[in-house]
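According to the working numbering, the residues represented by the sequence shown are 18 to 321, in order.
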Amino acid sequence: MILSKGAILILEFKHIDLSDKPIFDDFFNERDYHAAECCFGTAFIWRGCYDTYWAVCHGSLILKVTVGGKTFVLPPYGARDEDLPLILQSLKEYFGGQPFEIHGIYESTKERFARVFPEITDYVDDRDNWDYVYDRDKLATLSGRKYHGKKNHYNAFVKDYPDFVYEEITRANKDECIAFGQKWCAIREETDPTIKCEYCAIQEALNNMEFLKIRGGLIRLNGEVKAFSFGEKVSEHTAVIHVEKADPDIRGLYTAINKEFVDRAWKDVLYINREEDMGKEGLRKAKESYHPAFMVKKYNTVIR
């Protein structure tokens, strides 16, 4: 709900639920986005971890999330330049005149803000949350000199497990993936408490995959699920991979589920977004090893 106070709209944020998907889709479909957060599924499956709320303000979608005890908003989706000052005033009113943060500012958004809000000059590079975006065909084929090592890992896996089975994730096998995800997360939860969020996201995504239009794939070895991956379209040309899990003790399995899933499930896109590395050194090294076509750079700022 939005109340009016003169020209300023007083925001009342609503917790996200499944019924909100058509509203989000309307805003996200306005542009050919590449960023992982620009689709309803991302907001919905992680809503429990990030306490996601939303509101519509002056014709734009505003998302409010809390990460590590810090609450911030994302830049308004669908906003016209002429409405940005009113949107900012509404946010200032919502936060009671206290400073608040805007995260996930794209370079194109910085350019817009520079035109409309020249007084905002302090942007902090949020490198840990940059998205890695890859050429779909490169991931599907592992062709070329840069992918020689990955191709070797994949070939070694196929040699060791010539009878591996790839399946599309469906209502019939999703519970096996959820069970595998639970085991995978349980092993790591003691050393990384954030892993608990991943298991919640896996459940939310796979239990609602038809409604969310999520695509997934799994690999079986000797009848057991040993790897799975799933994601959704961000836009006409880009898909985002939300989760990828595999038995780390099986050589080449991560490479195999990545290649097989992209090759079989995403023939209708040009780019694959494999999300951010969260500042984790091992994850950054792994994502860089697949040679992204480009990064979706993001910045933060404080509004006073």
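For glycine and all other residues, C-beta sits at the position ideal for the given N, C-alpha and C.
In this text the structure is predicted, and so the values were computed from the model without any measurement.
Simplified DSSP assignment, three categories, for Asn225: In the displayed model, Asn225 falls within coil according to three-state DSSP, outside both helix and strand.
The stretch 72-89 contacting the stretch 111-121, beta-carbon criterion three pairs below 8 Å: Flag = yes, the stretch 72-89 and the stretch 111-121 touch.
As assigned by DSSP and simplified to three states, the class of Asn275: For Asn275, the secondary structure class from DSSP, reduced to helix, strand or coil, is helix.
Length of the line joining the Cα atoms of Val286 and His254: Per the coordinates, the alpha-carbon of Val286 lies some 5 Å from the alpha-carbon of His254.
Leu28 in three-state terms, based on DSSP: In the structure shown, Leu28 falls within a strand segment according to DSSP collapsed to helix, strand and coil.
DSSP-derived helix/strand/coil call for Lys109: DSSP places Lys109 in helix when its eight states are reduced to three.
Nearest to Phe278 (by Cα), restricted to the options Ala310, Tyr288 and Arg232: Scanning Ala310, Tyr288 and Arg232 for the CA closest to the CA of Phe278 turns up Arg232.
Per DSSP, the bridge partner or partners of Thr88: Answer is Thr83.
Alpha-carbon spacing of Tyr149 relative to Ala303, whole angstroms: Inter-residue distance for Tyr149 and Ala303 is about 11 Å (C-alpha atoms, whole angstroms).
The beta strand (DSSP E) enclosing Cys74, as first and last residue numbers: Tyr70 to Cys74 is the extent of the beta strand (DSSP E) around Cys74.
DSSP bridge partner residues for Phe245 (one or two, in chain order): Beta-bridge pairing links Phe245 to Leu235 and Lys262.
Burial state of His120, where buried means 16 or more other Cβ atoms lie within 10 Å: With 16 or more other CB atoms across the displayed protein chains lying within 10 angstroms of its CB, His120 is buried.
Among Tyr316, Asp177 and Glu215, nearest to Ile267 - alpha-carbon criterion: Of the candidates Tyr316, Asp177 and Glu215, the one whose C-alpha sits nearest the C-alpha of Ile267 is Asp177.
Run of the alpha helix (DSSP H) containing Glu305, from where it starts to where it stops: Counting along the chain, the alpha helix (DSSP H) containing Glu305 begins and ends at Glu298 to Glu305.
Residues near Asp140 in its chain [Cβ-Cβ closer than 8 Å; skip 5 each side]: Checking the sequence, you will find Tyr at residue 140 rather than Asp. Excluding its 5 nearest sequence neighbours in each direction, Tyr140 has C-beta neighbours in its own chain below 8 Å: Ile122, Lys127, Tyr316, Asn317 and Thr318, listed in chain order.
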